[in-house]
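Protein chains in written order, with this note's numbering: chain A, 1 to 574; chain B, 575 to 1148.
Number of protein chains: 2
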Amino acid sequence: MLRMSTLLLRTLRDDPADAEVASHRLLVRAGYVRRVAAGIYSWLPLGYRTYRNIENIIREEMDNAGFQEVHFPSLLPREPYEETNRWSEYGPDLFRLKDRRGSDYLLGPTHEEMFTLMVKGEFSSYKDLPLSIYQIQTKFRDEPRPRSGIIRGREFVMKDSYSFDIDDAGLEASYQRHREAYIKTFNRLGLKFNIVSAMSGAMGGSKSEEFLAPCPTGEDTYVLCEKCGFAANVEAMVTKVAPYAGDVAPAFEVFDSPNTPTIDSLVELVNAKFGGNITGSDTLKNVLLMADGEAIAILVPGDREVDLKRVAANLPGVQDLRLFEDEDFAKNPALVKGYMGPQNAQALGIKVYADPRITLGSHWITGANEKDKHARYVTHGRDFSVVAFVEAAEVKAGDLCPQCETPVVIDRAIEIGHIFQLGRKYAQALGLTVLDQNGKAQVVTMGSYGIGVSRAVAAVAEQTYDEIGLNWPAEIAPADVHLVAAGKDDSIFEYAAKLALELETAGLTVLFDDRRDASAGVKFKDAELIGIPYIVIVGKSLAEGKIEFRVRNVGSKAEFDVASAASEILNAIR
Amino acid sequence: MLRMSTLLLRTLRDDPADAEVASHRLLVRAGYVRRVAAGIYSWLPLGYRTYRNIENIIREEMDNAGFQEVHFPSLLPREPYEETNRWSEYGPDLFRLKDRRGSDYLLGPTHEEMFTLMVKGEFSSYKDLPLSIYQIQTKFRDEPRPRSGIIRGREFVMKDSYSFDIDDAGLEASYQRHREAYIKTFNRLGLKFNIVSAMSGAMGGSKSEEFLAPCPTGEDTYVLCEKCGFAANVEAMVTKVAPYAGDVAPAFEVFDSPNTPTIDSLVELVNAKFGGNITGSDTLKNVLLMADGEAIAILVPGDREVDLKRVAANLPGVQDLRLFEDEDFAKNPALVKGYMGPQNAQALGIKVYADPRITLGSHWITGANEKDKHARYVTHGRDFSVVAFVEAAEVKAGDLCPQCETPVVIDRAIEIGHIFQLGRKYAQALGLTVLDQNGKAQVVTMGSYGIGVSRAVAAVAEQTYDEIGLNWPAEIAPADVHLVAAGKDDSIFEYAAKLALELETAGLTVLFDDRRDASAGVKFKDAELIGIPYIVIVGKSLAEGKIEFRVRNVGSKAEFDVASAASEILNAIR
């Protein structure tokens, strides 16, 4: 039994100054967490009980799926991360330190290397596979902008699993087992979620899906088709376009276009000059990028921006991608800033990629590669050609679902899980091979699967809170029943204590508000803020032999007879 | 159910090269832990199950005692540790690091500051106390010599509790509650332990006791009276001496004593020169120390060494204590190395402390403060005096128990717990006060209570292993039953699988050795090494309708009928 008179808990009336999202605000106000430093939090008793309920559900579901629990240190030697090149690749997100002998260590931001080496140390034959192992462990990442309380912290807990298989079919099966276990887990946590394609299969990326919990203040945006359920993160959204079916354009024609620094001004000039009613989507932007030091051009319709994340996700192998800067133009005087067109790209030796909207045969108003001049009727396949199509333009609400062609919506969410076919990268780098049936060494293929455990506390809070406070699902709440002794008479406290004991004896956890020096009003406010799903009030009506029973998330109230209160409460809950 | 065919486990035939103690050797060989770096280990599935059983028992007993669980980060900002001066005091044992903005952080070696600040943040009145809170959390200490596997690591898990009280009586009550909870906890873990005084009350130190698990290779030594049960660590052992009852000595007399560099040579010379039969215990060593930069002298009988740890523990307030070095003698030419006596210490301005054996009135053979000269009949209280008695001489087996005067033994053990009346040090430094009944701010007094959670895995292993392997108590073992299918016939595997399922259905956890490619001999060896308390063998005798049931720790064997095997096994276990 938890007693409010002794519990390490002080609820706060005011929102913390740094709280931008509801879960942060409420978890602090209700006394669940406290900030220690930027992105680093302590858990108070109610918070840690909630956290542990979530951790236990996740562990149970992983065990039910037959995954084996292991545990790695947080403090890790540099060497394995050197072998996979992540010691440097991780950049400033990695917490690095030296021990007393001057050896380099890091705080594990993720444990691919350690899982790979553990399996390498024990297993050697195809007969040992498949294997799925997991841990629930603290991770450390020096986020540039820790925010939203425990949603994006610098120290947080993840459940991370890895699967090990001899071949791609095995990996696919392991991936599906994790996918199913994740669905069960998030259902038990009471989370609404969408499974979102996280990487375009079209460009040969491995399979990857994110579990996103929709939430208006979530920091992830994704594309959702409310009709057929298609969901993808922005990087993985596939553009639906019909082949060009219009007329063949006349030969392209250059025209003067001074003072057209923007697409709008260009559209205005063209409509004025030639009549007609073209819009930004009839113009073509030729956006120059530096891809690993090489200049490339991306063609998108004039009414869309290039989404660098989409380009990066769909140009595999490119590490470093950025927009052209003034000094890049200075080094390439043949490239005329603001008047680029794809017509002479081949002559300039620049690779041109096109968004799928730039269909073969379509014609465009674009730059003429000469200051103050544009061209029209510039036709794909006749006047210019491209190396490849690449998903490049920003995604907008109303774009067509690639499955059912319904206009999609752009939704916000918190990422709560991620499953990913990692392939052979780590096994290759660290030499994890097993002998196959023919006695030949084969590099093992791996899957990687993560759930944000501490983040899930906030995700559940975000999806369930209401205007009066937190509002936990029963399996996650820090107690089953919040029992309030509301009044001043000893009889109220005595009966309430007896009822609390009866409920505890029957197997419920009771948070008993036995404070003598708090008013009924304060106690009700606290109960609402703390968000335990069932609230029992022993108050004035005790004189008439009644107590009150409230169900927090539906707002219902019922009166039970004192004589049968415990059994009626148990019935109502079970 | 755990299946050996799929479990991430490979037992090793050979001891690891760096293993000095049995738990280390066996936990590695039986596939429980793996070394990642010096003092840093990973847990394999069997190891982590064992670890979690222990963690859960500890958590249950803390909750049963009414202590509230909280959780702090590992990554901690420098500031609070600066306020208590521990940022620098901790020295090279502390892992320090900087974040991307250059701010200083540390990895928590212990969390006094954080607990203190948490309570300061929430509570403000004497009515809020007493409070006891705990966490089970990873600790980091950069040990100069990590050793003995998980017994003394650099990353390890502790349960650490703190109590908060308004006055000394409250602290004493909280201390006793923790003491009782610890006794229950260690009993449930199946550990044999002694509760050992860790600090001498005589010199005003706060109360402190260690829970020591006796073990021949333990790195802690302590004093044990096998008659009355008195136990103390060496620092806290109290010398039992009778008042001096001999004759008053003649006036002291200086004599020539060349070539007496050792006590033995001095004894020989004295016995030759004056006749008689004195021993080293009739001579007096005058040992010079530097205590925080000041020269002090410690008098001990010639047959004992000074134990610096005992002196330090019994000279409160002294931070830095060391033996005189040559350069200290060089700076103090009046101090004659090898010929020091306490006779002129006052003249030299040196504080002299005496071991309690240097009783008032007793007389000694000691240095004459002149090269090649000693003196005899030098009498305490007549020829020299001391500032105070201090426990200084090394403790030896056979010294008298301070309670019952029986000769004590010196035993070895692993420290598994420590309870400590911390007092007001941290509350004072960090400003943790509450208002008392009169509205006056009072500094809170604290207790500190720790259990080594990961270390307990090794401690239990050390106390229970035998010549064939690990040998877990039932509540801690990674599974309840180790079921071996021993043979080649399908019928054996089919029946064993059925039996395993029956036992699991009845609520037992079964480690099922279902390997087809391992011999019966290998399977038996593995079962012995892994150390699960009950072993069931389905083998040749299955043809006669029998299976075998072994109890690991008593070495008993029984045969059960196949028809009733599950229920007979359940009966035998429960």
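For every residue, glycine included, the Cβ atom is placed at its ideal position computed from N, Cα and C.
| Can you list, in chain order, the residues of its chain whose CB lies under 8 Å from that of A747 (chain B), leaving out five sequence neighbours each side? | The sequence position of residue 747 (chain B) within the second sequence is 173, counting from 1. Leaving aside the five residues that flank A747 (chain B) on each side, the residues in its chain whose CB is nearer than 8 Å to its CB run, in chain order, P704 and D739.
| field | Chain-ordered chain B contacts of M340 (chain A) [CB-CB under 9 Å] | value | Position 340 of the first sequence holds residue 340 (chain A). Within chain B, no residue comes near M340 (chain A); the closest Cβ sits about 37 Å away, beyond 9 Å.
| Residue-level contact to chain A via CB, L582 (chain B), 9 Å cutoff | Taking the first residue of the second sequence as position 1, residue 582 (chain B) is located at position 8. Closer than 9 Å: yes.
| said: Quick check on the DSSP output: the alpha helix (DSSP H) that includes M692 (chain B) runs from which residue to which? | reply: Taking the first residue of the second sequence as position 1, residue 692 (chain B) is located at position 118. Its alpha helix (DSSP H) spans residues E686 to E696.
| task | Determine which residues share a DSSP beta bridge with E475 (chain A) and list them. | result | Here residue 475 (chain A) is taken as the residue at index 475 of the first sequence, counted from 1. Per DSSP, none; premise fails for E475 (chain A).
| message | Just to confirm before moving on: does the CB-CB distance between F211 (chain A) and N187 (chain A) stay below 9 Å? | response | Looking up residue 211 (chain A) in the first sequence gives position 211. Looking up residue 187 (chain A) in the first sequence gives position 187. Result no, Cβ atoms of F211 (chain A) and N187 (chain A) do not sit closer than 9 Å.
| task | Could you tell me whether the Cβ of G695 (chain B) comes closer than 9 Å to any Cβ of chain A? | result | Here residue 695 (chain B) is taken as the residue at index 121 of the second sequence, counted from 1. Chain A contact via Cβ: present.
| Can a CB atom of chain B be found closer than 9 Å to the CB of L288 (chain A)? | Walking along the first sequence from the start, residue 288 (chain A) turns up at place 288. With 9 Å as the cut-off, L288 (chain A) does not count as an interface residue toward chain B.
| Closest to S125 (chain A) by CA distance: which of A:A520, A:R10, A:E494 and A:V443 is it? | Taking the first sequence and counting its residues from 1, one reaches residue 125 (chain A) at position 125. Answer by Cα proximity: A:V443.
| task | Output, in sequence order along the chain, the residues in the stretch 13 to 43 of chain A whose CB is closer than 8 Å to any CB in chain B. | result | Correct list: G31, R34, V36, A37, I40, Y41, S42 and W43.
| What distance in whole Å lies between the Cβ atoms of G723 (chain B) and P1047 (chain B), which are believed to be in contact at a cut-off of 8 Å? | Mapped onto the second sequence, residue 1047 (chain B) falls at position 473. Mapped onto the second sequence, residue 723 (chain B) falls at position 149. About 19 Å separates the two Cβ atoms, so there is no contact after all.
| How is the alpha helix (DSSP H) around D490 (chain A) delimited, first residue to last? | Residue mapping note: residue 490 (chain A) aligns to position 490 of the first sequence, counting from 1. In this chain, the alpha helix (DSSP H) harbouring D490 (chain A) covers D490 to T505.
| query | Counting contacts by CB-CB distance shorter than 9 Å, is R878 (chain B) in contact with chain A? | reply | Translated into positions along the second sequence, residue 878 (chain B) becomes position 304. Chain A, which has no Cβ nearer than 9 Å to the Cβ of R878 (chain B), makes this no.
| message | Less than 7 Å between C-beta atoms, sequence neighbours within five positions excluded: which residues of the same chain meet that for Y90 (chain A)? | response | For the purposes of this step, residue 90 (chain A) is taken as residue 90 along the first sequence, with counting starting at 1. Taken in chain order, the residues that qualify are P109.
| query | When DSSP labels each residue in this structure, what does M575 (chain B) get in the three-state scheme? | reply | In the second sequence, the residue the question calls residue 575 (chain B) occupies position 1. Coil at M575 (chain B), not helix or strand.
| query | Does the stretch 283 to 298 of chain A come close enough to the stretch 319 to 334 of chain A that 3 or more CB-CB pairs lie under 8 Å? | reply | In short, these stretches touch, since the Cβ pair count reaches three.
| message | Given this structure, state the Cα-to-Cα distance separating T712 (chain B) from F730 (chain B), to the nearest angstrom. | response | Here residue 712 (chain B) is taken as the residue at index 138 of the second sequence, counted from 1. Here residue 730 (chain B) is taken as the residue at index 156 of the second sequence, counted from 1. Taking the straight line from one Cα to the other gives about 5 Å.
| field | Those runs of the alpha helix (DSSP H) which lie wholly inside the stretch 385 to 445 of chain A and span at least 4 residues | value | As far as the stretch 385 to 445 of chain A is concerned, its whole alpha helix (DSSP H) runs of at least 4 residues are 425 to 430.
| message | Quick check: the Cα distance between G1021 (chain B) and C215 (chain A), rounded to an integer number of angstroms? | response | The residue labelled residue 1021 (chain B) in the question sits at position 447 within the second sequence. The residue labelled residue 215 (chain A) in the question sits at position 215 within the first sequence. Computed Cα separation, rounded: 44 Å.
| request: Reducing DSSP to helix, strand and coil, say where T585 (chain B) ends up. | output: To locate residue 585 (chain B), count along the second sequence from 1; it is residue 11. Residue state, collapsed to three classes: coil.
| Would the beta-carbon of N860 (chain B) fall within 9 Å of that of T940 (chain B)? | Residue numbering aside, residue 860 (chain B) sits at position 286 when the second sequence is read from its first letter. Residue numbering aside, residue 940 (chain B) sits at position 366 when the second sequence is read from its first letter. Yes, Cβ-Cβ distance for N860 (chain B) and T940 (chain B) is below 9 Å.
| said: If you reduce the DSSP assignment to three classes, tell me which class T580 (chain B) lands in. | reply: Within the second sequence, residue 580 (chain B) is the residue found at index 6, counting from 1. Secondary structure at T580 (chain B): coil, using DSSP grouped into helix, strand and coil.
| Quick one: what's V481 (chain A) bridged to in DSSP? | The count along the first sequence starts at 1 and reaches residue 481 (chain A) at position 481. The partner list for V481 (chain A) (beta bridge, DSSP) reads A:V510 and A:Y534.
| query | With a CB to CB cut of under 8 Å and the five nearest residues on each side skipped, what residues in its chain are close to V610 (chain B)? | reply | On the second sequence, position 36 is the one that residue 610 (chain B) refers to. The residues S616, in chain order, have a CB closer than 8 Å to that of V610 (chain B) in the same chain once the five nearest residues on each side in sequence are set aside.
| Beta-carbon spacing of F384 (chain A), Q346 (chain A) below 9 Å | For the purposes of this step, residue 384 (chain A) is taken as residue 384 along the first sequence, with counting starting at 1. For the purposes of this step, residue 346 (chain A) is taken as residue 346 along the first sequence, with counting starting at 1. By the CB criterion at 9 Å, F384 (chain A) and Q346 (chain A) fall inside the cutoff.
| Are D716 (chain B) and D667 (chain B) touching if we call contact CB-CB under 9 Å? | Position 142 of the second sequence, counting from 1, holds the residue named residue 716 (chain B). Position 93 of the second sequence, counting from 1, holds the residue named residue 667 (chain B). Yes, Cβ-Cβ distance for D716 (chain B) and D667 (chain B) is below 9 Å.
| task | Rank B:D592, B:I984 and B:Q1037 by C-alpha distance to the C-alpha of Q800 (chain B) and give the top, closest one. | result | Mapped onto the second sequence, residue 800 (chain B) falls at position 226. Per the sequence shown, residue 800 (chain B) should be read as Glu rather than Gln. Checking every option, the nearest Cα to that of E800 (chain B) belongs to B:I984.
| message | For N918 (chain B) and E827 (chain B), what's the separation of their Cα atoms in angstroms? | response | Reading the second sequence from its first residue, position 344 is the one you call residue 918 (chain B). Reading the second sequence from its first residue, position 253 is the one you call residue 827 (chain B). Between the alpha carbons of N918 (chain B) and E827 (chain B) lies a distance of about 14 Å.
| query | Roughly how many whole angstroms lie between the Cα atoms of G1119 (chain B) and E1078 (chain B)? | reply | One-based indexing of the second sequence puts residue 1119 (chain B) at position 545. One-based indexing of the second sequence puts residue 1078 (chain B) at position 504. Looking at the two C-alpha atoms, the distance is approximately 21 Å.
| said: Within 10 Å of its beta-carbon, does D326 (chain A) have 16 or more other beta-carbons around it, so buried, or fewer, so exposed? | reply: Locating residue 326 (chain A) in the first sequence gives position 326, counting from the first residue. Exposed: under 16 other Cβ atoms inside 10 Å.
| message | I'd like the list of long-range same chain contacts for Y377 (chain A), defined as Cβ closer than 7 Å, with 5 residues on each side in sequence excluded. | response | Along the first sequence, read from residue 1 onward, the residue named residue 377 (chain A) stands at position 377. For Y377 (chain A), where only same-chain residues beyond five positions count, the Cβ hits under 7 Å are A249, P250, A251, F252, E253 and H363.
| Going straight from the alpha carbon of F274 (chain A) to that of E268 (chain A), what length do you get? | Locating residue 274 (chain A) in the first sequence gives position 274, counting from the first residue. Locating residue 268 (chain A) in the first sequence gives position 268, counting from the first residue. Going by the C-alpha atoms only, they are around 10 Å apart.
| Mind checking if T406 (chain A) is an interface residue toward chain B, Cβ cutoff 9 Å exclusive? | In the first sequence, residue 406 (chain A) corresponds to position 406, counting from 1. Judged by the 9 Å Cβ criterion, T406 (chain A) is not in contact with chain B.
| field | Anticipated Cβ contact below 8 Å, G469 (chain A) with G539 (chain A), distance rounded | value | The count along the first sequence starts at 1 and reaches residue 469 (chain A) at position 469. The count along the first sequence starts at 1 and reaches residue 539 (chain A) at position 539. Contact check for G469 (chain A) and G539 (chain A): beta-carbon distance about 20 Å, past the 8 Å limit, so the pair fails to qualify.
| Taking Cβ to Cβ, would you say M773 (chain B) is nearer than 9 Å to G1026 (chain B)? | Counting from one through the second sequence, the residue named residue 773 (chain B) turns up at place 199. Counting from one through the second sequence, the residue named residue 1026 (chain B) turns up at place 452. Their beta carbons are not under 9 Å apart, which means M773 (chain B) does not touch G1026 (chain B) by this criterion.
| query | Are the Cβ atoms of A213 (chain A) and E502 (chain A) separated by less than 9 Å? | reply | In the first sequence, residue 213 (chain A) corresponds to position 213, counting from 1. In the first sequence, residue 502 (chain A) corresponds to position 502, counting from 1. At a Cβ-Cβ threshold of 9 Å, A213 (chain A) and E502 (chain A) do not count as neighbours.
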